[in-house]
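Undergrad: My structure is below; once you've seen it, I'll send some questions.
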Amino acid sequence: MKIPMVDLTAQYGDIRDEIERGFRAVLDGAQFILGPNVSAFEQETAEYLGCRHAVSCASGTDALHLALVAAGVGTGDEVITSPFTFIATAEAIRYVGATPVFVDIDGETYNLDLDQAEAAITERTRAILPVHLFGQPLDAVACQQLASRHGLVMIEDCAQSFGATWRGRMTGTFGLAGCFSFFPSKNLGAYGDGGLVCTDSDRLAEELRVLRNHGSRERYHHHVIGFNSRLDELQAMVLRTKLPRIDTYNEARRAIAERYTTALAPLAGVVPPRERPGGHHVYHQYTVLLEGDRRAIMAALAAAGSASAVYYPIPLHRQDVFRDAWASVSLPIAESVARRCLSLPIYPELEPGRQQVVIDALQEALGGLG
Ligand SMILES: Cc1ncc(COP(=O)(O)O)c(C=O)c1O
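Heads up: the sequence shown is residues 1 to 370, going by the numbering used here.
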């Protein structure tokens, strides 16, 4: 594809010298696990996010898992979450023996519908786990209020929203914990797996540090059954190199999104994403809703040299692993969005000329103005 969904080589080209110097320094220092880059990255990230603690771990999935364990969510508990997200959100809930309760989404933001979330609360509900999907922040204040009204733990899935804010405050800092992924294609991406939990709770942070390192506070003393889930020094070095640039990367994504929206808004058959007032969207994905034949439109884009992708084709309550338990439940908005959504190439280095190829192909495939 001339225009891929994401191009990590372009970004690497810009920071290559710094990364290579950093790699050499880590190799020379030969301290690969829980060393100085990890500590520094945690401190720098806590400062950037505006929270007391940032505890890194091996992946975004682990961040969710460890946060749920540390928050005491477990067997018999229900956790309200979105059906329109990556499977990891629900996997983490199942890892701790709890049950994900899927409620429908808002058709404009693709995020959890908080009215439906409130209606789904039972005496077993222990937590609410919203996802700031595609980089669009959910109304985190309303979610916080809902959680406190009902005595629920709020844990935010920020895998796709590093740097996004709601009313000027970073996503991840509204709940008891915010969980981030540093998968390479994420807005802040490592060169391998990585994750992080942020929190203002001293107790939770301490628990997370113990859990990620085999339940150990002191070497060879083990207080609880923990996990091996640590960010490594090489990844921390990569992330430290990119962190000071994240706002520039996110602003570049926003400019690309604006160009798409300006071009697509007048067209029939396509609904561009809309940034919600109060939110600062960081466009991990630029995802439109189509009215026409999605497969034909994808084929037309491919013929013009542009990738496109469907995130996500099957909502979680219709996935094989959950299908039986959810057979009698319909979540019509999530189902409709899954049938109609299409994500277009977006990454900070996407040049306007290449983006225009995507826009022209889409305009032609959709057959003109509305
Ligand atoms: C919404 C969401 N949650 C969780 C994850 C899991 O993150 P990771 O791939 O780092 O385990 C991802 C990333 O793929 C994601 O997109």
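Just so it is clear, CB atoms sit at the ideal spot from N, CA and C, and this is done for glycine as well.
On a predicted model such as this, the values are computed, not experimentally measured, just so you know.
(1) Would you say the beta carbon of V337 comes nearer than 7 Å to a heavy atom of ligand 1?
(2) What three-state label does DSSP hand M170 in the structure shown?
(3) Throw me the rounded Cβ distance for the Y286 and Y312 pair, which I believe falls under 8 Å.
(4) Taking any heavy atom of ligand 1 as the mark, which residues have a C-beta closer than 6 Å to it, listed down the chain?
(5) Between H284, I19, S59, H223, which lies nearest to Y371 when the distance is taken from Cα to Cα?
(6) Over the uninterrupted beta strand (DSSP E) stretch that includes I80, give me the two end residues.
(7) My guess is that T175 and E156 are in contact by the Cβ rule of under 8 Å, so how many angstroms apart are they, rounded?
(8) Please classify M1: is it buried, with 16 or more other beta-carbons within 10 angstroms of its beta-carbon, or exposed?
(9) Tell me the residue span of the alpha helix (DSSP H) that contains L294.
(10) Do you know how far the Cα of N187 is from the Cα of Q160?
(11) Take E335 as the anchor and find which of R21, Q43, A92, Y110 has the nearest alpha-carbon.
(12) In its own chain, which residues sit with a C-beta less than 8 Å from the C-beta of R254, not counting the 5 before and 5 after it?
(13) Under the assumption that H53 contacts A205 (Cβ atoms under 8 Å), give the Cβ distance between them as a whole number of angstroms.
(14) Using CA atoms only, rank isn't needed, just tell me which of N213, Q319, A120, V6 is closest to S229.
(15) Can you give, in chain order, each stretch of the beta strand (DSSP E) that sits fully within the region 285-359 and has at least 3 residues?
(16) Using the three-state DSSP reduction, which class does N111 fall into: helix, strand or coil?
(17) Please find out if some non-hydrogen atom of ligand 3 comes closer than 7 Å to the beta-carbon of E207.
(18) Go ahead and label L350 buried or exposed: buried means 16 or more other beta carbons lie within 10 angstroms of its beta carbon, across all protein chains shown.
(19) Just confirm the distance between the C-beta atoms of T199 and A177, as a whole number of angstroms; I'd bet it's less than 8 Å.
TA: In short, the structure shows the following:
(1) Counting from 1 along the sequence shown, the entry for residue 337 is found at position 337. No, since every heavy atom of ligand 1 falls outside the 7 Å radius drawn around the Cβ of V337.
(2) Working through the sequence shown from its first residue, we reach residue 170 at position 170. It is a strand residue.
(3) Along the sequence shown, read from residue 1 onward, the residue named residue 286 stands at position 286. Along the sequence shown, read from residue 1 onward, the residue named residue 312 stands at position 312. Not really, about 15 Å apart at Cβ, beyond 8 Å.
(4) Matched residues: S59, G60, T61, T85, F86, A88, T89, V131, D157, A159, Q160, S181, F183, D193, G195.
(5) The structure shown does not extend to residue 371, since the chain is modelled only from 1 through 370, so no value can be given for it.
(6) Stepping through the sequence shown from its first residue, residue 80 is reached at position 80. Segment 78-81, the beta strand (DSSP E) holding I80.
(7) Your numbering for residue 175 matches position 175 in the sequence shown. Your numbering for residue 156 matches position 156 in the sequence shown. Per the sequence shown, the amino acid found at residue 175 is Gly instead of Thr. Between G175 and E156 a beta carbon distance of about 5 Å is seen, short of the 8 Å cut, so the two are scored as contacting.
(8) For the purposes of this step, residue 1 is taken as residue 1 along the sequence shown, with counting starting at 1. Looking at its Cβ environment, which holds fewer than 16 other Cβ atoms inside 10 Å, M1 is exposed.
(9) Translated into positions along the sequence shown, residue 294 becomes position 294. Checking the sequence, you will find Arg at residue 294 rather than Leu. 294-303 is the extent of the alpha helix (DSSP H) around R294.
(10) Along the sequence shown, one-based indexing puts residue 160 at 160. Along the sequence shown, one-based indexing puts residue 187 at 187. Their Cα atoms are separated by approximately 7 Å.
(11) Numbered from its first residue, the sequence shown carries residue 335 at position 335. For E335, the nearest C-alpha among the options comes from Y110.
(12) As a first step, residue 254 must be located in the sequence shown, where it is residue number 254. Closer than 8 Å at Cβ, skipping near neighbours: H281, V282, Y283.
(13) On the sequence shown, residue 53 is found 53 positions in, with the first residue counted as 1. On the sequence shown, residue 205 is found 205 positions in, with the first residue counted as 1. Confirmed, Cβ separation roughly 4 Å.
(14) Numbered from 1 along the sequence shown, position 229 holds the residue referred to as residue 229. Among N213, Q319, A120, V6, the Cα nearest to that of S229 belongs to N213.
(15) 286-290, 341-344
(16) Translated into positions along the sequence shown, residue 111 becomes position 111. In the three-state reduction of the DSSP assignment, N111 falls in the coil class.
(17) Absence of ligand 3 from the depicted structure is noted, with ligand 1 being the only ligands included.
(18) Taking the first residue of the sequence shown as position 1, residue 350 is located at position 350. So L350 counts as buried.
(19) Taking the first residue of the sequence shown as position 1, residue 199 is located at position 199. Taking the first residue of the sequence shown as position 1, residue 177 is located at position 177. Sure, about 5 Å apart at Cβ, within 8 Å.
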